[in-house]
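To convert, note that position 136 of the sequence shown is 136 in the UniProt record's numbering; the numbers rise steadily by one, no gaps. We put the beta carbon where it would ideally sit given N, CA and C, even for glycine. Because the structure is a prediction, the values reported are computed rather than measured. Scroll down for the structure; my scribbles are underneath it.
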Amino acid sequence: MDENEDNNIKDKKRKRVSKGGIGNEKAECWKYFTPKMERPDGEGGKLIKMAYCNFCPVKYRADTVTNGTRNMNKHYPQCDFNPENEVRLKQAKLSLMKDVNGDGAGGSSGTGTLQNWKYDEKVIKNSLIELVVLAELPFKFVEHPAFIRYSNNLQPKYNLPSRHTISRDVSKFYLEEKKKLVKFLGNPNNTIHLTTDTWTSTCQKIYYMVVTAHFLDDDWVMHKRVINFKRINSHRGEDIGRELLKCINEWGISNVMTITVDNITSNDKALRYLLEHLPSKYDNGKHFHIRCMAHILNLVVKDGLKAIPRRKDFDVCQKVCDFLEKFKEKTELVSNQSSPVAHLFYSEILDLDKHLREWELEPDFSETVSKMRLKYDKYWGDYKKINHYMYFAVLLDPTMKSEILGYGFRHLLENGCIPGSVDNEHEVDTPIEFYTSSEKENKIKELVDEVERNMGALFALYKEKYGTSNLSDIPKSSSQTTNTARRRGNTFLSTFKSQNSNKSGGVDDELRKYLKEPALELEDDENFDILSWWKLNGPRFPIVSKMAKGIKS
């Protein structure tokens with residue numbers, strides 16, 4: 001081989017190698033990729049050409065000799081973020097969507113579900129509005145350079161709105177959501193519970209009131225909405241009642257079951273004013289007022305702390321902390337607004353009663369606990385002081401039902417919180433010490449039966465309101481259907497069945513059937529979602545489930 005031929009071969013090799021550098025991209029795919037020279041294997045590695053997709057984080061080795069453009073040609077027509085793939089973007093595709101709940105879960109370690117997804121600018125805009133509102137971000141956040149870069153990396157096709165546009169969109173979103181809420185609150189089939197609080201601005205000496213609506217939607221999901229926050233004239237009961245009534249009328253709320261307020265005299269007057277102007281309630285509104293359990297716990301603890309004036313009492317500080325820990329736990333439990341707690345009220349206050357009785361025997365705590373006991377007895381010392389709805393909530397818990405009621409009544413009876421039978425001749429109660437075992441059991445059964453009768457009265461109101469149309473949806477067993485078909489021509493038997501059904505109460509059997517079913521047995525550490533249970537069993541108990549939804553809101 002002569003020298004000229006050798007030089008020609010070297011020139012060809014140099015030209016072939018030069019194609020691997022930047023600046024010689026000729027293929028169509030390079031319109032969608034950006035070349036970069038990198039050492040992917042580390043500092044000591046070989047310098048090679050990489051191709052970065054202009055629309056997503058995908059990158060490929062792109063050396064012309066060793067890699068070629070096959071991967072790039074395959075990727076860019078299928079890239080989800082390539083704006084040229086407009087038609088394909090509109091097609092739904094399966095994607096793993098992270099599950100996000102109220103406590104912020106759903107990050108990198110969160111679970112997810114496969115769902116159909118497609119590019120939709122309206123959905124993206126609504127999600128951005130939700131982000132700004134829930135995270136309490138300023139409107140100018142959408143114009144922050146870092147957020148713009150983040151959005152461009154996610155989807156360059158989407159044009160972020162300006163701060164002025166997002167401001168208008170948020171206002172429009174508020175009005176749309178308010179319209180939906182007004183429609184829901186105004187539906188007489190939806191049960192609403194209200195809570196209200198008032199306070200005075202220390203610097204301005206101005207009175208304020210807030211009203212919050214609590215309810216369960218059609219999917220048995222709990223909601224809390226602040227529907228009123230305004231200035232009021234005074235803390236007088238009539239003024240508070242007037243403002244509450246005005247708020248209820250403005251929102252068109254037609255079915256308020258209860259109102260929870262702090263335990264002050266003005267609130268009692270406010271609720272009396274409301275009852276005079278609202279439609280009739282169960283048991284003439286005697287149970288319309290729900291006393292705030294967290295506020296009562298606070299009063300009980302305050303009275304107890306007043307009785308620790310002596311220096312020697314602080315020698316038992318650790319015991320004090322242990323003693324008050326129970327009250328802290330109860331307060332946190334009843335303050336939970338993300339899940340129903342009404343069915344826990346009964347067992348929790350009895351647990352506190354047991355707690356106080358145990359600590360009352362401690363010499364260092366007898367004076368403290370005795371003062372707390374007085375405050376406790378003021379609100380919960382008599383079984384008749386407990387709101388009927390709290391008893392009903394226990395019966396509507398499929399893991400408790402009447403068993404826990406009877407157990408609680410036994411505790412109250414044995415500790416003198418329930419009066420015994422009255423001796424008409426001397427007009428005194430029979431002391432519990434003189435009760436026989438059978439008399440105790442009979443008394444407990446009487447109390448449970450009384451609660452069930454009261455619940456039956458509420459059931460009758462629901463029956464009258466919702467009728468029996470839903471009963472046709474209750475599935476029947478195949479054996480019942482077969483027997484009916486076999487004896488279709490027996491008029492005598494049909495008449496007997498019809499009369500027997502009327503005698504047994506028809507819809508009333510639904511409540512009786514639910515109460516007679518054995519309570520669900522759970523492991524000690526097993527979590528039970530009571531709302532999911534009622535959502536699943538609603539078709540079996542259509543009217544009872546309506547009661548459960550109303551009481552557990």
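I'd like the span of the beta strand (DSSP E) that includes tyrosine 52, first residue to last.
Locating residue 52 in the sequence shown gives position 52, counting from the first residue. Its beta strand (DSSP E) spans residues 48-53.
From the DSSP secondary-structure annotation, give me the bridge partner or partners of residue 570.
Only positions 1 to 553 of the chain appear in this structure, which leaves residue 570 out of reach.
On the DSSP bridge list, what partners appear for methionine 97?
Here residue 97 refers to the residue found at position 97 of the sequence shown. Paired residue(s): Thr113.
Look at threonine 191 and serine 545 and say whether their C-beta atoms are less than 8 Å apart.
Start at 1 with the first residue of the sequence shown, and residue 191 comes out as number 191. Start at 1 with the first residue of the sequence shown, and residue 545 comes out as number 545. No.
Write down the C-beta distance between methionine 390 and aspartate 303 rounded to the nearest angstrom, noting that I regard them as a contact closer than 8 Å.
Counting from 1 along the sequence shown, the entry for residue 390 is found at position 390. Counting from 1 along the sequence shown, the entry for residue 303 is found at position 303. Going by Cβ atoms, the distance from methionine 390 to aspartate 303 rounds to 23 Å, so no, they are not a contact pair.
Give the straight-line distance between the Cα atoms of proline 279 and valine 451, rounded to the nearest whole angstrom.
Here the question's residue 279 lines up with position 279 in the sequence shown. Here the question's residue 451 lines up with position 451 in the sequence shown. Taking the straight line from one Cα to the other gives about 24 Å.
Where does leucine 194 fall in DSSP's three states?
One-based indexing of the sequence shown puts residue 194 at position 194. Reduced to three states, the DSSP call for leucine 194 is strand.
Would tyrosine 379 and lysine 385 be called neighbours here (beta carbons separated by less than 8 Å)?
Translated into the one-based positions of the sequence shown, residue 379 becomes position 379. Translated into the one-based positions of the sequence shown, residue 385 becomes position 385. Yes; because the gap between Cβ atoms is below 8 Å, this pair is in contact.
When you compare the CB positions of leucine 396 and methionine 293, do they come within less than 8 Å of one another, or not?
On the sequence shown, position 396 is the one that residue 396 refers to. On the sequence shown, position 293 is the one that residue 293 refers to. Cβ atoms of leucine 396 and methionine 293: not closer than 8 Å.
Express the C-alpha separation of isoleucine 543 and threonine 212 in angstroms, rounding to a whole number.
The residue you call residue 212 lines up with position 212 of the sequence shown. The residue you call residue 543 lines up with position 543 of the sequence shown. Roughly 26 Å between the two C-alpha positions.
Give the secondary structure of lysine 326 by DSSP, where H, G and I count as helix, E and B as strand, and everything else as coil.
The sequence position of residue 326 within the sequence shown is 326, counting from 1. Note: lysine 326 maps to helix in three-state DSSP.
Please go through the region 219-291 and give each complete beta strand (DSSP E) segment of 3 or more residues, from N-terminal end onward.
Those beta strand (DSSP E) runs which fall completely within the region 219-291 and span 3+ residues are 222-232, 256-261 and 289-291.
Thinking leucine 271 and valine 261 are a contact (beta carbons under 8 Å), I'd like their distance in whole angstroms, please.
One-based indexing of the sequence shown puts residue 271 at position 271. One-based indexing of the sequence shown puts residue 261 at position 261. Correct: roughly 7 Å between the Cβ atoms.
Please name the residue in Ser438, Phe215, Tyr466 and Thr368 whose C-alpha comes closest to that of valine 341.
Here the question's residue 341 lines up with position 341 in the sequence shown. Nearest of Ser438, Phe215, Tyr466 and Thr368 to valine 341, Cα basis: Phe215.
Which whole-angstrom value describes the C-beta separation of isoleucine 240 and asparagine 267, a residue pair presumed to lie in contact below a C-beta threshold of 8 Å?
Locating residue 240 in the sequence shown gives position 240, counting from the first residue. Locating residue 267 in the sequence shown gives position 267, counting from the first residue. That belief holds up - the Cβ atoms of isoleucine 240 and asparagine 267 are roughly 7 Å apart, short of 8 Å.
Are methionine 37 and lysine 49 closer than 8 Å when you measure CB to CB?
Stepping through the sequence shown from its first residue, residue 37 is reached at position 37. Stepping through the sequence shown from its first residue, residue 49 is reached at position 49. Going by C-beta atoms, methionine 37 is nearer than 8 Å to lysine 49.
Check whether the Cβ atoms of tryptophan 251 and valine 182 lie closer than 8 Å to each other.
Numbered from 1 along the sequence shown, position 251 holds the residue referred to as residue 251. Numbered from 1 along the sequence shown, position 182 holds the residue referred to as residue 182. Taking 8 Å as the Cβ cut-off, tryptophan 251 and valine 182 qualify as a contacting pair.
Please determine, among Thr64, Phe409, Asn415 and Lys463, the residue with the shortest C-alpha to C-alpha distance to glutamate 446.
Within the sequence shown, numbered from 1, the residue matching residue 446 stands at position 446. Nearest of Thr64, Phe409, Asn415 and Lys463 to glutamate 446, Cα basis: Phe409.
When DSSP labels each residue in this structure, what does tyrosine 376 get in the three-state scheme?
Numbered from its first residue, the sequence shown carries residue 376 at position 376. Three-state result, tyrosine 376: helix.
For leucine 531, which residues of its own chain have a beta-carbon under 8 Å away from its beta-carbon, when the five flanking residues on both sides are left out?
In the sequence shown, the residue the question calls residue 531 occupies position 531. These residues qualify, in order along the chain: Leu216, Trp220, Val221, Met222, Ser339, Pro340 and Lys552.
Quick one: residues in its chain with C-beta nearer than 7 Å to the C-beta of tyrosine 514, no 5 flanking neighbours on either side, listed in chain order?
Counting from 1 along the sequence shown, the entry for residue 514 is found at position 514. Correct list, in chain order: Phe541 and Val544.
Helix, strand or coil: how does DSSP classify methionine 390 here?
Start at 1 with the first residue of the sequence shown, and residue 390 comes out as number 390. Correct three-state label for methionine 390: helix.
Terminal residues of the continuous alpha helix (DSSP H) containing proline 539?
As a position in the sequence shown, residue 539 is number 539, starting the count at 1. Premise fails: proline 539 is in no alpha helix (DSSP H) and is neither H nor E.
Name the DSSP beta bridge partners of proline 35, please?
To locate residue 35, count along the sequence shown from 1; it is residue 35. DSSP output for proline 35 lists Ala51 as bridge partner(s).
Check each candidate in Leu522, Val300, Val58 and Asp382 and name the one with the smallest Cα separation from tyrosine 346.
Against the sequence shown, residue 346 aligns to sequence position 346. Closest by alpha carbon: Asp382.
When DSSP builds the beta bridges, which residues end up paired with arginine 61?
Numbered from its first residue, the sequence shown carries residue 61 at position 61. Answer by DSSP bridge pairing, in chain order: Met50.
Measuring straight from C-alpha to C-alpha, what distance separates glycine 112 and phenylalanine 81?
The sequence position of residue 112 within the sequence shown is 112, counting from 1. The sequence position of residue 81 within the sequence shown is 81, counting from 1. Rounded to whole angstroms, glycine 112 to phenylalanine 81 spans 22 Å at the Cα level.
For lysine 330, collect the residues of the same chain with a Cβ closer than 7 Å to its Cβ; drop the 5 residues on either side in sequence, then sort them by chain order.
Translated into positions along the sequence shown, residue 330 becomes position 330. The residues are Leu297, Glu348 and Leu352.
Would you kindly check if the distance between the Cβ of phenylalanine 33 and the Cβ of cysteine 53 is under 8 Å?
Translated into the one-based positions of the sequence shown, residue 53 becomes position 53. Translated into the one-based positions of the sequence shown, residue 33 becomes position 33. Yes, Cβ-Cβ distance for cysteine 53 and phenylalanine 33 is below 8 Å.
Does DSSP classify residue 567 as helix, strand or coil?
Lying outside 1 to 553, the shown extent of the chain, residue 567 is not represented and no answer is given.
So does leucine 511 have its beta carbon nearer than 7 Å to some heavy atom of the ligand SAH?
Ligands are entirely absent from the displayed structure, and the ligand SAH is therefore not among its contents.
Please state the DSSP three-state secondary structure of threonine 165.
The residue given as residue 165 occupies position 165 in the sequence shown. The answer is helix: DSSP assigns threonine 165 an H, G or I state.
Given phenylalanine 265, which residues of its chain have a CB within under 8 Å of its CB, disregarding the five upstream and five downstream residues?
Counting from one through the sequence shown, the residue named residue 265 turns up at place 265. First, the residue type needs correcting, since residue 265 is threonine and not phenylalanine in the sequence shown. Around threonine 265: Gly237.
If you check the beta carbons only, do leucine 511 and glycine 550 fall under 8 Å apart?
The residue labelled residue 511 in the question sits at position 511 within the sequence shown. The residue labelled residue 550 in the question sits at position 550 within the sequence shown. Cβ distance not < 8 Å, so leucine 511 and glycine 550 don't count as in contact.
With glycine 456 as the anchor, note down where its alpha helix (DSSP H) starts and where it stops.
Against the sequence shown, residue 456 aligns to sequence position 456. Start and end: 437-466.
Taking 8 Å as the threshold (C-beta atoms), are leucine 137 and serine 151 in contact?
Translated into positions along the sequence shown, residue 151 becomes position 151. Translated into positions along the sequence shown, residue 137 becomes position 137. No. Outside cutoff.
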